[in-house]
Amino acid sequence: MSHKLVIVESPAKARTIGGYLGDGYVVESSIGHIRDLPNNAADTPAKIKDKPWGRLAIDVENGFEPYYVVPRDKKSHISKLKSLLKDADELYLATDEDREGEAIAWHLLDELKPKNIPVKRMVFHEITKAAIQEAAANPRELDMDLVEAQETRRLLDRLYGYEVSPVLWRKVMSGLSAGRVQSVATRLVVDREKERMAFKVASYWDLEGTFDAGSKHDQRMFPAKLHTIDGARVASGANFGPDGRLKAKADVVHLDQRRAQDLVAALADTSYDVRSVEAKPYRRSPYPPFRTTTLQQEASRKLGMSASVTMSVAQRLYENGFITYMRTDSTTLSGSAIGAARAQVQELYGAEYLPDAPRTYASKVKNAQEAHEAIRPAGDSFRTPAQTGLTGDQFRLYELIWMRTVASQMKDAVGQSVTIRLGGAAASGEDVVFSASGRVITFHGFLKAYVEGTDDNAAKDDQETRLPNLAEGDPVSAASLSANGHETKPPARYTEATLIKELEDRQIGRPSTYASIIGTILNRGYVYKKGTALVPAWIAFSVVRLLTEHFTRLIDYDFTAGMEDVLDDIARGDKSRVTELSEFYYGSDQLAGLKRLVDDLGDIDAKELATFPVGGEEDGIHLRVGKYGPYLEGPGDDGTAFAKRANVPDDLPPDELTVAKAKELLANPAGEEIDLGIHPETGLQVVAKNGRYGPYVTELLPEDPSTGSGQARKAKDKPRTGSLFKSMSLDTVTLEDAMKLLSLPRVVGVDPESGEEITAQNGRYGPYLKKGTDSRSLTSEDQIFAITLDEALKIYSQPKQRGRAAAAPPLKELGNDPVSGQPVVVKAGRFGEYVTDGEYNATLRKDDSVEEITLERAAELLAERRAKGPAKKAAKRGAKKTAAKKTVAKKTAAKKTTAKKTAAKKAPAKKAAKKS
Numbered sequence: 001m002s003h004k005l006v007i008v009e010s011p012a013k014a015r016t017i018g019g020y021l022g023d024g025y026v027v028e029s030s031i032g033h034i035r036d037l038p039n040n041a042a043d044t045p046a047k048i049k050d051k052p053w054g055r056l057a058i059d060v061e062n063g064f065e066p067y068y069v070v071p072r073d074k075k076s077h078i079s080k081l082k083s084l085l086k087d088a089d090e091l092y093l094a095t096d097e098d099r100e101g102e103a104i105a106w107h108l109l110d111e112l113k114p115k116n117i118p119v120k121r122m123v124f125h126e127i128t129k130a131a132i133q134e135a136a137a138n139p140r141e142l143d144m145d146l147v148e149a150q151e152t153r154r155l156l157d158r159l160y161g162y163e164v165s166p167v168l169w170r171k172v173m174s175g176l177s178a179g180r181v182q183s184v185a186t187r188l189v190v191d192r193e194k195e196r197m198a199f200k201v202a203s204y205w206d207l208e209g210t211f212d213a214g215s216k217h218d219q220r221m222f223p224a225k226l227h228t229i230d231g232a233r234v235a236s237g238a239n240f241g242p243d244g245r246l247k248a249k250a251d252v253v254h255l256d257q258r259r260a261q262d263l264v265a266a267l268a269d270t271s272y273d274v275r276s277v278e279a280k281p282y283r284r285s286p287y288p289p290f291r292t293t294t295l296q297q298e299a300s301r302k303l304g305m306s307a308s309v310t311m312s313v314a315q316r317l318y319e320n321g322f323i324t325y326m327r328t329d330s331t332t333l334s335g336s337a338i339g340a341a342r343a344q345v346q347e348l349y350g351a352e353y354l355p356d357a358p359r360t361y362a363s364k365v366k367n368a369q370e371a372h373e374a375i376r377p378a379g380d381s382f383r384t385p386a387q388t389g390l391t392g393d394q395f396r397l398y399e400l401i402w403m404r405t406v407a408s409q410m411k412d413a414v415g416q417s418v419t420i421r422l423g424g425a426a427a428s429g430e431d432v433v434f435s436a437s438g439r440v441i442t443f444h445g446f447l448k449a450y451v452e453g454t455d456d457n458a459a460k461d462d463q464e465t466r467l468p469n470l471a472e473g474d475p476v477s478a479a480s481l482s483a484n485g486h487e488t489k490p491p492a493r494y495t496e497a498t499l500i501k502e503l504e505d506r507q508i509g510r511p512s513t514y515a516s517i518i519g520t521i522l523n524r525g526y527v528y529k530k531g532t533a534l535v536p537a538w539i540a541f542s543v544v545r546l547l548t549e550h551f552t553r554l555i556d557y558d559f560t561a562g563m564e565d566v567l568d569d570i571a572r573g574d575k576s577r578v579t580e581l582s583e584f585y586y587g588s589d590q591l592a593g594l595k596r597l598v599d600d601l602g603d604i605d606a607k608e609l610a611t612f613p614v615g616g617e618e619d620g621i622h623l624r625v626g627k628y629g630p631y632l633e634g635p636g637d638d639g640t641a642f643a644k645r646a647n648v649p650d651d652l653p654p655d656e657l658t659v660a661k662a663k664e665l666l667a668n669p670a671g672e673e674i675d676l677g678i679h680p681e682t683g684l685q686v687v688a689k690n691g692r693y694g695p696y697v698t699e700l701l702p703e704d705p706s707t708g709s710g711q712a713r714k715a716k717d718k719p720r721t722g723s724l725f726k727s728m729s730l731d732t733v734t735l736e737d738a739m740k741l742l743s744l745p746r747v748v749g750v751d752p753e754s755g756e757e758i759t760a761q762n763g764r765y766g767p768y769l770k771k772g773t774d775s776r777s778l779t780s781e782d783q784i785f786a787i788t789l790d791e792a793l794k795i796y797s798q799p800k801q802r803g804r805a806a807a808a809p810p811l812k813e814l815g816n817d818p819v820s821g822q823p824v825v826v827k828a829g830r831f832g833e834y835v836t837d838g839e840y841n842a843t844l845r846k847d848d849s850v851e852e853i854t855l856e857r858a859a860e861l862l863a864e865r866r867a868k869g870p871a872k873k874a875a876k877r878g879a880k881k882t883a884a885k886k887t888v889a890k891k892t893a894a895k896k897t898t899a900k901k902t903a904a905k906k907a908p909a910k911k912a913a914k915k916s
């Protein structure tokens, strides 16, 4: 029976869309990309292996033509699609409406090769019945310029990675990777850490006071800070440079501790009057609806979600018809969406919150990519979060999107900002002025619905500070004055949210790629997380040093941003793919190409690349990045250079490796024991040592008489150990300190409700309480020994904060596997959700979801995993692989002319694929 075949990317989309199109349509998924460049030598077609460019699978000598292969796990699915196509009288390619989706559609067309039937491109930005039926009724042609732009990006990334990564293997460490945007993102994190390492702390003091406006004011007491002394501004943190000195043009008074305290004493009997009152109207307009990057940033700030989790949850919401497409640069809302938002403002907040005219938002993103609206609730009328039936992360993210969208169509928040200056004469003769600032919001407007999160503890838009209604000349008195010391702080490390903002501000990469870029630099070990902060590993310093010294242009921020302009020009049909790839790879008269940079590298001193001085030349200490991690080399006790070595703890951030810390590590290298004495209760010798994760104390068990070794008699006879508190060091730790540490975990008491024991412990990530599998962080190490049962129960009575979780139960139980007969469950792992039967694990694909996955799909994933055999623990050098025959497609280059393009429709068969 004939039908119309509709192909989308994911099974979830296929199910939803199939229900909207009804009879006469068969909707099937491609399960993501169906073709790509080969991943390894085994995948590379035999006919190109002997070519100079064979490992690239890009014919750099003939128009940069790529050789695509169909992966083994997709061949059976391609056969299924071809079978469905035989009975089809029309083919609709309904992949996402962006460059990636356009490319998938072209690959499908090129691989399936439909004959004698119409081929239509079906596009939509939300999965609702009306939108899908509208898209089916109004298809378009394939946009080959978008395909060219996507392919250019893919080839650029391939050339960069496959040419530069081997240089890293030879000169830094095997297994490393370089990437066109990934390496630049790593450089950003490394450069920020270098700023922190070079930062010099400056100290400064100021005065803060609480002032009394008098009994006639309801708001009598208000805070104020010292503003000027004899007309000169008092120095604040902003007046100091990163070198710890006052900036050259800073015309300010720098108070030290003594002068600040003397000034407090001189103001003891001072009376004050109001010198000025400055009132300004306050107005704040709503935030635009979400685009990809702003959604990632807000989900990180408000929900604690990583960029990858945000995009995964958003993908499920989109595929199930709850939100519009989530990869977008646009802040535009359709007319129907504006109407839906305004209707909800009227219904939920009242007419007084609804502006007279709809609000419109223009995208501020340069070269905002094609297609799409902003990210918003799907449909011509919005479901409130309670009406969706969603739970967990999907509910929380939908609520965030819904609130932001509704708020975008509300009135401004208005109020008044006031600055009051108070003056008086000190007994020492100085004229001092204090300043107080306040803000009152008289109409909250959109802030009733949504308040944007902030970075670095900045004040939020709805924060109010009330001041008394004072007039110039009014007397006030100081209820209290205090001198306060401050220190300047180094620039904050990037978080996922702030790194995404920095990449977007610099116009590096695309919003749709940021989640995968951050995931890559984390998984590759270039960056790790300390709380939410992104900390570069020392290996990243070596990689960035090599790239900046030998591939300067390729890791330049402006060059990388400029490549996005080139891709946009190709997407508009204004530039040629071949011309741009040729200049990138072979260079031009003005620029050295990638190939020349790699071929003409010359001698690179690998040891120098991996060596970083700690302190000055006189200290003689260097950090080296070795095969097994970073380590220190320093002078011996007799001054002999590099006579001592010590490993650097894995979790010690680079900016915390000071000269003092390095000397401490060198004085007590890993494995070397410091004898603290005999434990009075056990009679065992107690020693302090430096380990992989930092310094710790431990007991030495007596030798086993039967072996003469220091090993314990039984497996259960393990020595007690305890990590040193941050306030302790190997130089100062005592036997008494060690006894306390070895006594942990400390039993705080028993929960009267559950009967479970509560203990206080010290872990790698700090002090915490534990009750069964429920752990709660403590604020200080001192609490471990001081916290009472009542205090612990109070902590457990509070909702658990987001953070490291104990092992979680399965997310879903599916039934018994038809092959192994074992129960199949879905679990959450470090790298995402996966299915397991207890023996084999199989990661869920991009288009699978926990909610939708069935036993049949899980069995299919596990079968594919079994076919690959047991996981290989180590690959043997020199082992030969037999090349599996692959389906390969070569694009035939189409000659482009410089003549102006006509408005005629483009034929989707612009590129013909050759089979090997």
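Residue 336 in my numbering sits at position 336 of the sequence shown; the count goes up by one each step and never skips. Heads up, the beta-carbon is just placed ideally off N, CA and C, and yes, glycines get one too.
- Here DSSP, grouped into helix, strand and coil, assigns W53 to coil.
- Nearest neighbour of P281 by Cα position, chosen from G629, G438 and Y318, turns out to be G438.
- Assigned with DSSP and collapsed to three states, Y20 falls in helix.
- Between F551 and L597, the C-beta spacing is below 8 Å.
- G392 counts as exposed, since fewer than 16 other C-beta atoms from the protein chains shown sit within 10 angstroms of its C-beta.
- In the DSSP assignment, Q416 falls within the unbroken beta strand (DSSP E) covering A413 to A425.
- Taking A425 as the centre and dropping the five residues before and after it, the same chain places the C-beta of T270, D431 and V432 closer than 8 Å to its C-beta, in chain order.
- A straight line joining the alpha-carbon of Y272 with that of F434 spans about 9 Å.
- Only exposed fits A265, as fewer than 16 other CB atoms lie within 10 angstroms of its CB.
- Apart from sequence neighbours up to five positions away, the residues of its chain that approach K74 with a beta-carbon distance below 6 Å are I34, ordered along the chain.
- With a beta-carbon spacing of about 5 Å, E852 and A12 fall inside the 8 Å limit used to define contacts.
- Here the C-alpha atom of G772 lies approximately 12 Å from the C-alpha atom of Y796.
- Annotation for V6: Y25, V27, Y92 and A94 place their beta carbon closer than 6 Å to its own, counting only its chain and skipping 5 residues before and after.
- Taking 8 Å as the cut-off, the beta carbon of L811 is found closer than this to the beta carbon of A828.
- A distance of 8 Å or more separates the beta carbons of A407 and I441.
- The three-state secondary structure of A478, taken from DSSP, is strand.
- The Cβ atoms of G636 and I621 do not sit closer than 8 Å to each other.
- Residue pairing by DSSP places N816 opposite P823 in a beta bridge.
- At a Cβ-Cβ threshold of 8 Å, Y557 and I518 do not count as neighbours.
- Here the alpha carbon of I117 sits roughly 31 Å from the alpha carbon of P45.
- Within the region 521-576, the runs of alpha helix (DSSP H) at least 4 residues long that lie entirely inside it are, in chain order, 538-550 and 557-571.
- By the CB criterion at 8 Å, K575 and Y585 fall outside the cutoff.
- Assignment of beta-bridge partners to E126 by DSSP yields T324.
- Between A299 and L400, the C-beta gap is smaller than 8 Å, which places the two residues in contact.
- Proximity to V697 across K740, A131 and D655 peaks at K740, based on C-alpha coordinates.
- In the structure shown, Y68 falls within a strand segment according to DSSP collapsed to helix, strand and coil.
- In the same chain as A185, and ignoring 5 residues on each side of it, the C-beta atoms closer than 8 Å to its own belong to L499, L503, I508, G509, I517, I518 and I521, in chain order.
- Beta-bridge partners of D36 (DSSP): V69.
- Going by C-alpha positions, K607 is about 52 Å away from D817.
- Within the same chain, E633 come within 6 Å of F642 by CB-CB distance, once the 5 residues on both sides are set aside.
- Annotation for T721: Y696 and T698 place their beta carbon closer than 6 Å to its own, counting only its chain and skipping 5 residues before and after.
- Between the region 650-657 and the region 681-690, the count of C-beta pairs closer than 8 Å stays below three; the two stretches do not touch.
- When secondary structure is reduced to three states using DSSP, M403 falls in the helix class.
- Excluding the 5 residues flanking it on each side, T419 has same chain C-beta neighbours closer than 6 Å at E278 and S437, in chain order.
- Partner residues in the beta bridge of E633, as assigned by DSSP, are H622 and R645.
- Between I787 and V748, the C-beta spacing is below 8 Å.
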